[in-house]
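In what follows, a structure is listed as structure tokens, so that the remarks can point back to it.
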Ligand code: S3P
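Numbering (my numbering), first residue to last: 17 to 446.
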């Protein structure tokens with residue numbers, strides 16, 4: 017599907033972004049390992065978390081969906097999973113395959129995990145190495161680099177592991193395997209990444225100590241508690257409208273009930289430093305996470321900024337839309353230390369550099385980031401999504417300020433995380 021975006025006069029109104037993708041995956045997985053019936057409200061009904069539901073069903077977990085689209089997971093405990101009778105297809109979802117590998121590493125049966133054309137080229141050595149150190153038999157295609165991956169787990173030992181990259185998926189994979197180990201596991205992260213796994217496991221009774229960037233997890237002595245959760249809305253999905261409201265003139269947008277976990281909101285911190293008109297209102301707590309409303313107004317005086325180091329994991333998924341904002345900011349925006357963006361759903365550094373250049377932006381590409389010189393006038397043209405949901409949405413936001421019309425090729429990939437993205441854009445666009 018191609019999507020044509022016209023230049024917007026303003027973005028105005030109130031929206032509720034979709035539920036958090038990271039927490040949706042985790043809620044289904046953790047409920048599957050707990051004992052008893054867990055109830056999940058405000059689940060993200062998008063392709064990626066649906067891959068997780070199907071995967072857990074393949075492992076024998078009973079999952080019901082109510083008429084109001086709530087999920088009831090009938091968890092039977094850590095040791096209740098069954099050998100799947102087929103290969104598990106994780107679709108496009110890195111979170112599904114990597115977290116599930118950690119769970120599978122704890123099982124004495126055989127699990128084979130694969131995915132779509134993008135997922136089958138995403139790096140898996142980052143989980144295969146630590147899970148092997150814990151004692152799992154795990155191999156992957158092309159010298160353990162890529163899926164399909166084959167896991168025969170069980171009899172795990174705890175490890176102390178210095179993580180080479182700050183990745184919440186790798187961290188979570190190891191923490192899940194650690195639930196099945198005979199002694200504790202300690203992880204040392206180079207930078208803090210999103211901490212939903214730590215928060216959620218603690219809430220269901222797992223003993224976890226966190227000291228700066230070091231996490232120690234102890235294998236549970238009793239069953240994990242079942243739970244009820246109402247998932248907060250996704251900051252990363254909200255970020256497209258935050259960016260849009262900043263750069264489209266005459267805009268005023270209120271974005272409701274967004275997860276404000278500070279391991280996720282680096283984009284907000286950076287935008288404020290760039291001079292954006294953003295207010296955070298009505299902060300409360302939901303599902304063990306801070307949530308609030310975000311009110312954004314047009315921000316005509318944005319200034320370029322340098323983003324690197326510790327900040328990168330806190331805005332890892334917002335890189336594509338940050339590039340768009342940078343094209344409208346005075347001076348240079350430099351993003352470094354972000355090499356991992358080359359192995360996301362697409363090579364996001366290459367994708368944003370090539371597509372924004374087509375629209376007339378001035379960018380220099382580095383191996384680990386970009387430099388963008390602004391402000392510049394964008395010109396509508398045909399741009400390619402690389403079948404990557406966040407590239408499609410970021411380019412759509414660029415289309416709102418581009419002269420004429422911008423055509424996003426293969427825009428249907430927004431279904432991975434944000435199926436009603438274009439409906440909300442239409443509601444806001446004046
Ligand atoms: C995620 C972690 C991040 C992020 C991805 C979701 C998660 O990936 O980019 O969209 O749910 O744990 P990495 O851990 O590979 O950085």
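Don't be surprised by glycine CBs; every beta carbon is placed ideally from N, CA and C.
Asked	Found
Alpha-carbon to alpha-carbon, residue 338 and residue 350	11 Å
Sequence-distant residues of its chain with Cβ nearer than 7 Å to residue 246 (five each side left out)	57, 58, 302 and 303
For residue 123, the first and last residue of its enclosing alpha helix (DSSP H)	Careful: residue 123 lies outside any alpha helix (DSSP H) and carries neither H nor E.
Whether residue 128 touches residue 167 by CB criterion (9 Å)	yes
Residue closest to residue 32, alpha-carbon to alpha-carbon, out of 431, 307, 396 and 387	307
Residue 403 (DSSP reduced to helix, strand or coil)	coil
Residue 335 classed as buried or exposed, judged by whether at least 16 other C-beta atoms fall within 10 angstroms	buried
Segment contact flag, the region 78-93 with the region 129-147, C-beta cutoff 8 Å, min 3 pairs	no
DSSP-derived helix/strand/coil call for residue 54	strand
Continuous alpha helix (DSSP H) stretch holding residue 437: start and end	437-444
Run of the beta strand (DSSP E) containing residue 301, from where it starts to where it stops	293-302
Where residue 326 sits in the DSSP three-state scheme	coil
DSSP three-state assignment for residue 311, whether helix, strand or coil	strand
Closer than 8 Å: residue 111 CB and nearest the ligand S3P heavy atom	yes
Meets three-Cβ-pair contact criterion under 8 Å: the region 199-211 and the region 233-246	yes
Residue 341 - DSSP class collapsed to helix/strand/coil	helix
At least 3 beta-carbon pairs within less than 8 Å: the region 248-255 vs the region 33-47	yes
Cβ neighbour criterion (16 or more within 10 Å) applied to residue 95	exposed
Check: residue 309 C-beta below 8 Å from any heavy atom of the ligand SAM	Questions concerning the ligand SAM fall outside what the structure shown contains, since the ligands it does hold are the ligand S3P.
beta-carbon residue 185 near the ligand S3P non-hydrogen atom, thresh 8 Å	yes
Residue 134 Cβ short of 8 Å to the ligand S3P heavy atom set	no
Same chain, Cβ closer than 7 Å to residue 329, five either side skipped, listed in chain order	182, 207, 208 and 209
Proximal residues to residue 100 (C-beta, below 7 Å), its chain only, five neighbours per side dropped	74, 75 and 127
Inside the region 149-219 only - alpha helix (DSSP H) runs reaching at least 4 residues	157-160, 184-194 and 212-219
Close-in-space but distant-in-sequence residues of the same chain around residue 404 (CB under 6 Å, 5 per side omitted)	361 and 362
Per-residue burial, residue 41 [other beta carbons within 10 Å of its own, 16 or more giving buried]	buried
Beta-carbon gap between residue 447 and residue 415 smaller than 9 Å	Because the chain here runs from 17 to 446, residue 447 falls outside it and cannot be looked at.
Distance cut-off 8 Å: residue 354 Cβ against heavy atoms of the ligand S3P	no
Alpha carbon of residue 60 to alpha carbon of residue 433, nearest angstrom	8 Å
heavy atom of the ligand S3P below 8 Å from residue 207 C-beta	no
Residue 150 versus residue 324 - alpha carbon distance	32 Å
Nearest to residue 172 (by Cα), restricted to the options 154, 189 and 194	194
The alpha helix (DSSP H) enclosing residue 369, as first and last residue numbers	364-374
Residue 182 CB to nearest heavy atom of the ligand S3P below 8 Å	yes
Anticipated Cβ contact below 8 Å, residue 390 with residue 354, distance rounded	That pair is no contact at about 18 Å.
Residue range of the unbroken beta strand (DSSP E) whose run includes residue 37	Taken as a continuous stretch (DSSP letters only), residue 37 belongs to no beta strand (DSSP E), being part of the alpha helix (DSSP H) at 37-49.
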